[in-house]
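K.L.:
In my numbering, the protein residues as written are 1 to 274.
C-beta atoms are modelled at their ideal positions from N, C-alpha and C, and glycine is treated no differently.
1) Within 10 angstroms of its Cβ, does residue 15 collect 16 or more other Cβ (buried), or is it exposed?
2) So, with DSSP's three-state summary, where would you put residue 167?
3) Which residue marks the beginning of the beta strand (DSSP E) containing residue 147, and which one marks its end?
4) Looking at residue 116 and residue 188, is the spacing between their C-beta atoms short of 8 Å?
5) Three or more C-beta pairs closer than 8 Å, one from the region 122 to 136 and one from the region 147 to 159: is that the case here?
6) Would a C-beta distance cut-off of 8 Å place residue 122 and residue 94 closer than the cut-off?
7) Mapping DSSP to helix, strand and coil, what is residue 225?
8) I'd like to know whether the C-beta of residue 213 is nearer than 8 Å to at least one C-beta of chain C.
9) Could you tell me the boundaries of the beta strand (DSSP E) in which residue 206 lies?
10) Which residues does DSSP pair with residue 177 in a beta bridge?
11) Quick check: the Cα distance between residue 77 and residue 56, rounded to an integer number of angstroms?
12) State yes or no: is the C-beta of residue 22 within less than 8 Å of the C-beta of residue 32?
13) Between residue 75 and residue 225, what straight-line distance do the alpha-carbon atoms span, to the nearest angstrom?
14) Within 10 angstroms of the Cβ of residue 261, are there 16 or more other Cβ atoms? Answer buried if so, exposed if not.
15) Inspect the CB distances between the region 139 to 151 and the region 191 to 205 and report whether three or more fall short of 8 Å.
16) Out of 257, 255 and 4, which has the shortest C-alpha to C-alpha gap to residue 66?
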């Protein structure tokens with residue numbers, strides 16, 4: 001149980017003294033000290049009081065070692081993204097930091113994709129991934145870059161590098177947005193999500209390429225979700241066809257269809273064979 005150490009971490013992150021906490025909770029300072037040092041064991045009423053005070057679930061207070069969480073994860077907890085409260089499972093992310101204690105952006109290329117499915121939660125595996133920094137991204141969030149493969153998300157081409165933000169609480173996933181999803185069966189997939197968590201615990205996944213049909217996946221078959229931020233590609237996009245050319249083409253097609261209908265109605269259509 002991590003109750004005592006977690007109390008210290010939460011209090012110090014809020015820059016509170018034991019006197020501040022004791023005054024807010026109507027307890028003696030010595031009682032607060034006893035809980036933080038593991039001398040006193042809390043009863044249910046005390047657990048509820050600390051949970052309400054720090055706005056963190058009792059499960060998180062006693063089951064999760066907050067000292068192992070990254071800064072971005074702690075900020076998410078403090079901002080109300082506690083997945084125990086929403087009925088989910090706390091997703092502890094393996095991550096790396098640079099010499100200045102800033103979180104790296106790890107790079108998962110196509111060759112590493114298969115290994116990532118097995119090693120995503122292994123700090124030793126994550127440690128050997130290439131890393132870099134993007135100064136225009138928030139230091140308070142966690143990012144990772146994945147190289148996508150295939151044509152299901154065209155016009156984003158195969159081989160593009162997609163940078164995405166780690167999603168702790170899946171209840172905050174927004175319909176119509178693109179996400180990197182780590183699945184048990186298919187590994188890393190890049191899709192647009194439609195959430196059905198509240199109805200049947202599934203996501204419906206869509207491709208940008210209309211040739212690919214949408215499909216549903218149960219959240220139990222998902223290990224990580226990352227929200228799309230941007231992508232980098234060495235390929236130039238196809239030039240847009242001028243609007244007047246498109247309009248002319250549509251008009252010509254309509255004319256051809258009208259002529260075909262007239263020929264059929266007049267019984268004068270002829271079949272030609274080579």
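P.N.:
The structure says:
1) exposed
2) coil
3) 143 to 147
4) yes
5) no
6) yes
7) strand
8) As a matter of chain content, chain C is missing from the structure shown, which is built from one protein chain.
9) 202 to 206
10) 193
11) 7 Å
12) yes
13) 18 Å
14) exposed
15) no
16) 4
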